[in-house]
Amino acid sequence: MKWLYGYLCLFFLIVFHEFGHFIAAKIFGVKVESFSVGFGPVLLHKNIKGTDWRLSLIPLGGYCGMKGEKEFQKAIENNLEEVGGEKDSLYGVHPIKRALIGFAGPFFNFIFAIIALSTINLIGYEYSSYSNKIFINPEQYENNYSAAADAGIISGDKIIEINGNNTEDFSDILKIVSINPDKDLVVKVDRNGEIIEFTVHSELNKSQGTGKIGVSADTSEILKRHTPKYNVFQAFGHGILDTFSGISLTFKGIGLLFKGIDLKNAVSGPARVTEMLGSTVKEGFSAGFKIGVISSLDLMAIISISLFIMNLLPIPILDGGLILIAIIEVIFRRKVKPKIQYYIQFIGLGFIAILFVIGLTGDISYFISKGKLK
Numbered sequence: 035m036k037w038l039y040g041y042l043c044l045f046f047l048i049v050f051h052e053f054g055h056f057i058a059a060k061i062f063g064v065k066v067e068s069f070s071v072g073f074g075p076v077l078l079h080k081n082i083k084g085t086d087w088r089l090s091l092i093p094l095g096g097y098c099g100m101k102g103e104k105e106f107q108k109a110i111e112n113n114l115e116e117v118g119g120e121k122d123s124l125y126g127v128h129p130i131k132r133a134l135i136g137f138a139g140p141f142f143n144f145i146f147a148i149i150a151l152s153t154i155n156l157i158g159y160e161y162s163s164y165s166n167k168i169f170i171n172p173e174q175y176e177n178n179y180s181a182a183a184d185a186g187i188i189s190g191d192k193i194i195e196i197n198g199n200n201t202e203d204f205s206d207i208l209k210i211v212s213i214n215p216d217k218d219l220v221v222k223v224d225r226n227g228e229i230i231e232f233t234v235h236s237e238l239n240k241s242q243g244t245g246k247i248g249v250s251a252d253t254s255e256i257l258k259r260h261t262p263k264y265n266v267f268q269a270f271g272h273g274i275l276d277t278f279s280g281i282s283l284t285f286k287g288i289g290l291l292f293k294g295i296d297l298k299n300a301v302s303g304p305a306r307v308t309e310m311l312g313s314t315v316k317e318g319f320s321a322g323f324k325i326g327v328i329s330s331l332d333l334m335a336i337i338s339i340s341l342f343i344m345n346l347l348p349i350p351i352l353d354g355g356l357i358l359i360a361i362i363e364v365i366f367r368r369k370v371k372p373k374i375q376y377y378i379q380f381i382g383l384g385f386i387a388i389l390f391v392i393g394l395t396g397d398i399s400y401f402i403s404k405g406k407l408k
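In the working numbering, the protein residues as written are 35 to 408.
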């Protein structure tokens, strides 16, 4: 059942993305010939104001079929010097309008993330954590190096601040350290009432792509915490800030790919994403309706931010490729030759193929390790 939940969430995010293209195309005068929920053979359809709305057999997202999308392929086949198109077609409008149509899909993913995170801030939630009192890992686990111990921190210290950010509980410590791998962190501790400052160089956990300093929580004390209570406007503001924070963290994660982390764990394929979504939804709602809504929206926001960034990569087969070509045409005031676009596509296809293989390999390894495939 969790696979169905995960699939429905991912399905919604993709269709919402395509609806962004639809809205922008309508605004800029490009005829939308079809909009399909699903791919493949059409099961049901109805023509409304010139657009054929479809429900298709294969429920793997959807598509927004705009007039003139096939003009590029025709230009290649007929060896034309440029991609032509009528005024109400994708390649017939001004390049800036075409770029904005391409941008609209990822932008809708961005908007969804803001809505989801704003909703979470508005609802608020209670969570459990341990205190900020820590133990040094080598004392807890044999042969486990601790950067914190190297810096002079000892078991029983309370970490009260990292890089100027207050750490009221262990979840605050984890949050700050995990997003700052391989960096010098200024850590303040409370040692029996005395405030001492240390500089700790965090390690990079190559299997997870996160930072660590080699400390464990004091599990003898469990704290009940609650997120701040915001009104609608405050929640919306924090939703925007959280979205930009998520974008920043995603770029940091991309940067870590070049620092030797385990790509099979870092890059998830569609199967693992669907499974994670499904598990989050199922486990969240089993704990209560409110928790289910919050946990589902949180993970969907993270994936939506990833879709926003991924689709803006300057690769011809993605939205970012359409935007890039349009920008080049604006700058040089001439259309890019179809053959040049065609050759560039091979680079994009190669990049996507590499990511697909890494993601697929990682998915297989992940499910084998969990005992799901025999």
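Glycine included, C-beta positions come from ideal geometry on N, C-alpha and C.
Problem - Backbone secondary structure at THR277 - three-state DSSP - result: Helix.
Practice task
Use the C-beta contact count for PHE285: other C-beta atoms within 10 angstroms, 16 or more gives buried, fewer gives exposed.
Solution key: PHE285 sits exposed, since fewer than 16 C-beta atoms from the chains shown fall within 10 Å of its C-beta.
Exercise for the section: Go ahead and label PRO262 buried or exposed: buried means 16 or more other beta carbons lie within 10 angstroms of its beta carbon, across all protein chains shown. Expected result: Of the other Cβ atoms in all chains shown, fewer than 16 fall within 10 Å of the Cβ of PRO262; this residue is therefore exposed.
Practice task
Specify the secondary structure class of LEU331 as computed by DSSP and reduced to three states.
Solution key: Note: LEU331 maps to helix in three-state DSSP.
Handout entry: Buried/exposed call for HIS51, threshold 16 Cβ in 10 Å
Key = Buried: at least 16 other Cβ atoms inside 10 Å.
Practice task
Under 8 Å by Cβ, that's how I've got ALA183 and GLY248 pegged, so tell me the actual separation to the nearest angstrom.
Solution key: Yes, they are in contact, since the Cβ atoms of ALA183 and GLY248 sit about 6 Å apart, within 8 Å.
Practice task
Specify, as a first and last residue, the run of the beta strand (DSSP E) that GLY96 falls within.
Solution key: Unbroken beta strand (DSSP E) run through GLY96: 85 to 100.
Handout entry: Whole-angstrom C-beta distance between GLY273 and ASN155, which should lie under 8 Å
Key = Yes, ASN155 and GLY273 are in contact; Cβ-Cβ is about 6 Å, under 8 Å.
Practice task
Assign GLY54 to buried or exposed, taking buried as 16 or more other Cβ atoms, counted over all protein chains shown, within 10 Å of its Cβ.
Solution key: Note on GLY54: 16 or more other CB atoms within 10 angstroms of its CB, so buried under the neighbour-count rule.
Handout entry: Same chain, Cβ closer than 7 Å to ILE48, neighbours up to 5 away in sequence not counted
Key = Correct list, in chain order: GLY95, GLY96.
Problem - Three-state secondary structure (DSSP) of PRO304 - result: Residue placement at PRO304 cannot be trusted, given a pLDDT of 47 that sits under 50; what the coordinates show is reported in the next sentence. Residue state, collapsed to three classes: helix.
Handout entry: Residues near ASP86 by beta carbon distance below 6 Å, same chain, minus five either side
Key = Correct list, in chain order: SER68, HIS79.
Practice task
With distances taken Cα to Cα, identify the nearest neighbour of ARG195 among GLY355, ILE229, SER163, SER340.
Solution key: According to the sequence shown, residue 195 is Glu rather than Arg. Of the candidates GLY355, ILE229, SER163, SER340, the one whose C-alpha sits nearest the C-alpha of GLU195 is ILE229.
Problem - C-alpha distance - TYR264 paired with LEU346, whole-angstrom precision - result: Taking the straight line from one Cα to the other gives about 32 Å.
Handout entry: Host alpha helix (DSSP H) of LEU140 (start-end)
Key = Here residue 140 is Pro; the residue named in the question, Leu, does not match the sequence. Run containing PRO140: 129 to 157, per the alpha helix (DSSP H) assignment.
Exercise for the section: For TYR125, count neighbouring C-beta atoms within 10 Å of its own C-beta (all shown protein chains included) and say buried if the count is 16 or more, exposed if not. Expected result: The residue in question, TYR125, is buried, as its Cβ has 16 or more Cβ neighbours within 10 Å.
Exercise for the section: Could you tell me the distance, in whole angstroms, from the CA atom of ASN239 to the CA atom of ASN112? Expected result: If you take the alpha carbons of ASN239 and ASN112, they lie about 53 Å apart.
Exercise for the section: Within the same chain, show all residues whose beta-carbon is closer than 8 Å to that of LYS118, passing over the 5 residues directly before and after it, in chain order. Expected result: The question names Lys, yet the displayed sequence has Gly at residue 118. Cβ within range, chain order: GLU105, ALA109, TYR125, GLY126.
Handout entry: TYR164 burial status per 10 Å Cβ neighbour count (16 or more: buried)
Key = Buried: at least 16 other Cβ atoms inside 10 Å.
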